[in-house]
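One structure below.
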Amino acid sequence: MEKDPVCGMSVDPLRASAQEEHDGKNYFFCGAGCATKFRSDPAKYLSQPENKKQMVTELVGGASSIAVKQAHGDTTPALVEYTCPMDPEVNQDHPGACPKCGMALERAAGAPLATRIEYTCPMHPEIVRPELGSCPICGMALEPRTAVADEENAELVSMTRRFWISVVLTVPILILGMSEMIPGKPLGRVFSMSTTGWIEFGFATPVVLWAGWPFFQRGWASIVNRSLNMFTLIALGTGAAFIYSVAAVLFPQIFPAAFREHGEVPVYFEAAATITTLVLLGQVLELRARSQTSTAIRSLLKLSARTARLVRADGTEIDVPVENLAVGDLMRVRPGEKVPVDGVITDGNSSLDESLITGESIPTEKDTGARVTGGTINGTGSFVMRADRVGSETTLAQIVKMVSDAQRSRAPVQRLADKVAGYFVPAVVLIAVVTFIGWALFGPAPKMAHALLSAVAVLIIACPCALGLATPMAIMVGTGRGALAGVLIKNAEALEILEKVDTLVVDKTGTLTEGKPRVTSVIAIEGQNQEAVLSFASSLEKASEHPLAAAILAAAAERKLIISRVDAFQAIPGKGVTGQVDSKLAALGNRALFEQLKISFAGLNEQARPLEADGQTVMFVAVDGHAIGMIGVADPIKATTRDAIDLLKRDGIQIAMLTGDSRATADAVARKLGIDRVIAGVLPDKKADSIRALQAEGKIVAMAGDGVNDAPALTQANVGIAMGTGTDVAIESAGITLLAGDLRGISRARNLSRATMRNIRQNLFFAFAYNSLGVPIAAGILYPFFGILLSPILASAAMTFSSVSVIANALRLRHINL
């Protein structure tokens, strides 16, 4: 194996895509792009130390291009040393097997971790902390930014323990507190009211001050951070009831008659303890439900293999942890095993279950040279593969990262909830104060006792947790459900806008078609031959990265034509390429290129029209300013495209095809697919202008594409949709990625968008309606008419129910049919 000097990738000299000679030495490259960069400045790439090269693939769906980033100076990550437990003198800067004993190398003591877990708030993703804790804005427990397969929720464990201890201590308090309601008042004969108060005080103190201590901590933090939240209200409500009751037990003589009932000062330890217990119950239920929102990510993580069968240099094999694999390692994948990482088959063949990527359970046949994806399942065959991407750079790891990022993003609809929440808590505190004053002035005896209970009920029932959870919970579950269906959502905004889209613009090559064109026609003018036409064309296309280049090179290889060296190569976007081949100035491109170079078509123009009418892309070939022939290339339409177009049209979506091909070729494809609007002959840098023109008509536009030249249009569109089989630039520019590259995924994404937004609207309505009705009832608005007064205990139960019901509603998205 040789190293590609540009990207550092291991390359088999016998299978190298390109090679260059420099200073008497041959260098091998993974692709034509790396070879072109090397040829332009060899010294730049040969002078860099190996440990400064860091290959970073920003790949999500099987794209073949590789992004290479060079680390410099202080930005260079600290190298991790790995050593052998048997032979400590053996060490290297990447995982693998010991060259002496074959044991898997281990991370050296003190070596930095490759990754670290960060924690964030589900309601406020801008809050990121290196350790567990609570959000300084809303007080909610932080959770891992990226889910892990085996995750123990420390917050859930703590709250569960506090809850059960509170239950044990609260039950006696409730029995004593409610004894007055028992006929005959049997407990009253055993315990005096004073004694009962002391007993309740003993049971309630650990419940409120120990089990409920996190609520007081978060309530105090909300005041310090000037960000009032639900814990502010809980701390005020339980704190007021508990402090009042403690004072009533210790210093009953200080209370005036307005506080007394039958000459005694009532205590409300049962309210303080029960509220604390119910809030703990709500936290437990909420944390459990929130953990279920990461089910999709954990399901994806469990798809990854834990070990790999490493093939060593001497041909022997050993099982090693997947974490110890490095780029270039060879591994054997046996029948029934999971593919450990992304790579290429170097020997053997098999069929793989790629439902992870395609969503289809039908196995895909793979032969030598085929790409395989980590997490897919091998069938009955056995093969050896070479690792191309490991660790966090694998397709599966990138999918998990994208889903995690999307789950933490904020939808525009959440701005309404955020705006309301900013004024909500201060308003509730004000309402509680007004309620207390109203009952103290106009309420029945004992006025102050009723005033206190009503104010506490208002504080407890008005907790804005349901309002804050309404949007993020639905986004988290919805994006996870989409990932399992092969629809990756980059951010919540794209998911929200997608349901409003009325126009879909689709690129032709690689989106409507398979993106694997083949040469179908080679026509030479009189006095020339087809071999010469194809030879000049393939020599020019050797240095090109255009999708049609591979088809021309494949046709030349089939005919065993000589491919000459090209000098002064130039690619003219949207038109073609030029260069010197065997000291002759050659050109390959469309009509626009020939018009720019002022080259006559020599009668080829008329011969091209029937080919274009049949859907072929025609490229003209010229040498030394004279046309010598043309080449017709056809790109088969994907088998699923027609069904996808029909689905979208039935959904009321207007579809337009955007392509750089000629009008005749574009119309031929559009007729086959039933596409009414065609925008043809568009140069790459003008595609975004076409999107702007549609938006100027008042359209809400989604753009689906897969190439580098689609990136500006994907960014300009209201929603960009990238094919997972396309380039990483397109994927990075889009808001939604279809892993299988199947346009039917757009219909699934639309269904997901509608279901998620409907769920969010249901949650927001419930949260607003709950608080709109609950606060006045807790304040006592029904008492003058029906004698109904809401106790703080019932208010606490209602508050708990509201939060859990919002989360339960969001969890329904896990089962929607896409």
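Each residue of the sequence shown is one higher than the one before, counting from 1458 in our numbering.
Ideal Cβ positions, reconstructed from N, Cα and C, are used throughout, including at glycine.
Just so it is clear, the structure is predicted and the values come from calculations on it, not from any experiment.
What three-state label does DSSP hand residue 1725 in the structure shown? coil
Beta-carbon separation of residue 1730 and residue 1630 under 8 Å? yes
Which stretch, first to last residue, makes up the alpha helix (DSSP H) that contains residue 1913? 1904-1918
The stretch 1957-1969 / the stretch 1988-2000 touching (three or more Cβ pairs under 8 Å): no
Could you pull the DSSP bridge partners for residue 1483 from this structure? 1478
So who's on the other strand from residue 2083, going by DSSP bridges? 2080
What residue range is occupied by the uninterrupted alpha helix (DSSP H) comprising residue 2037? Taken as a continuous stretch (DSSP letters only), residue 2037 belongs to no alpha helix (DSSP H), being part of the beta strand (DSSP E) at 2033-2038.
Closest Cα partner of residue 1672 within the set 1688, 1681, 1663 and 1662: 1688
Assess contact between the stretch 2190-2204 and the stretch 2246-2258, defined as three or more Cβ pairs (one per stretch) separated by less than 8 Å. Is contact present? no
Cβ distance (whole Å) where residue 1862 is taken to contact residue 2110 below 8 Å: Their Cβ separation, rounded to whole angstroms, is 27 Å, which puts residue 1862 and residue 2110 out of contact at 8 Å.
Just to confirm the assignment, what range does the beta strand (DSSP E) spanning residue 1597 have? Here residue 1597 belongs to no beta strand (DSSP E), and DSSP marks it neither H nor E.
Alpha carbon to alpha carbon, how far is residue 1911 from residue 2231? Give it in angstroms, no decimals. 12 Å
Mapping the DSSP letters down to three states, classify residue 2030 as helix, strand or coil. coil
Candidates 2249, 2169, 2001 and 1964: closest to residue 2112 by CA position: 1964
Element boundaries [beta strand (DSSP E), containing residue 1765]: 1764-1768
Answer yes or no: do residue 1737 and residue 1619 have a C-beta to C-beta separation smaller than 8 Å? yes
Applying the criterion that 16 or more other CB atoms from any shown protein chain within 10 Å of the CB defines a buried residue, is residue 2259 buried or exposed? buried
Between which two residues does the alpha helix (DSSP H) harbouring residue 1807 extend? No alpha helix (DSSP H) holds residue 1807; the beta strand (DSSP E) holding it covers 1807-1810.
Whole-angstrom distance between residue 1935 and residue 1724, CA atom to CA atom: 47 Å
Tell me whether the beta-carbon of residue 1835 lies closer than 8 Å to the beta-carbon of residue 1807. yes
So the candidates are 2034, 1795 and 2249; which of them puts its Cα closest to the Cα of residue 1691? 2249
Suppose you measure from the CA of residue 1891 to the CA of residue 1937; what does that come to, to the nearest Å? 45 Å
Write down the C-beta distance between residue 1787 and residue 1768 rounded to the nearest angstrom, noting that I regard them as a contact closer than 8 Å. 4 Å
Nearest-angstrom Cα separation, counted from residue 1502 out to residue 2016: 35 Å
Measuring only the C-alpha atoms, how far is residue 2272 from residue 1789? 37 Å
What are the start and end residues of each continuous beta strand (DSSP E) run of 3 or more residues lying completely inside the stretch 2123-2183, in chain order? 2134-2136, 2158-2162 and 2176-2180
Using only the alpha-carbon positions, how far apart do residue 1462 and residue 1849 sit? 23 Å
Please confirm if the stretch 2063-2077 is in contact with the stretch 2044-2055, defined as three or more CB-CB distances below 8 Å between the two stretches. yes
Buried versus exposed, by CB contacts within 10 Å (16 or more), residue 2205: buried
Grouping DSSP H, G and I as helix and E and B as strand, with all else coil, what is residue 1835? strand
Answer with buried or exposed for residue 2213, where buried requires no fewer than 16 other C-beta atoms within 10 angstroms of its C-beta. buried
Using the DSSP secondary-structure output, state which residues sit across from residue 2091 in a beta bridge. 1975
What is the rounded straight-line gap between the Cα of residue 1411 and the Cα of residue 1497? The first residue shown for the chain is 1458 and the last is 2275, placing residue 1411 beyond what the model contains.
From what residue to what residue does the alpha helix (DSSP H) around residue 2264 run? 2249-2268
Put residue 1845 into one of helix, strand or coil per three-state DSSP. strand
Would you say residue 1704 reaches chain D, if we count a Cβ-Cβ gap shorter than 8 Å as a contact? Protein chains in the displayed structure number just one, and chain D is not present.
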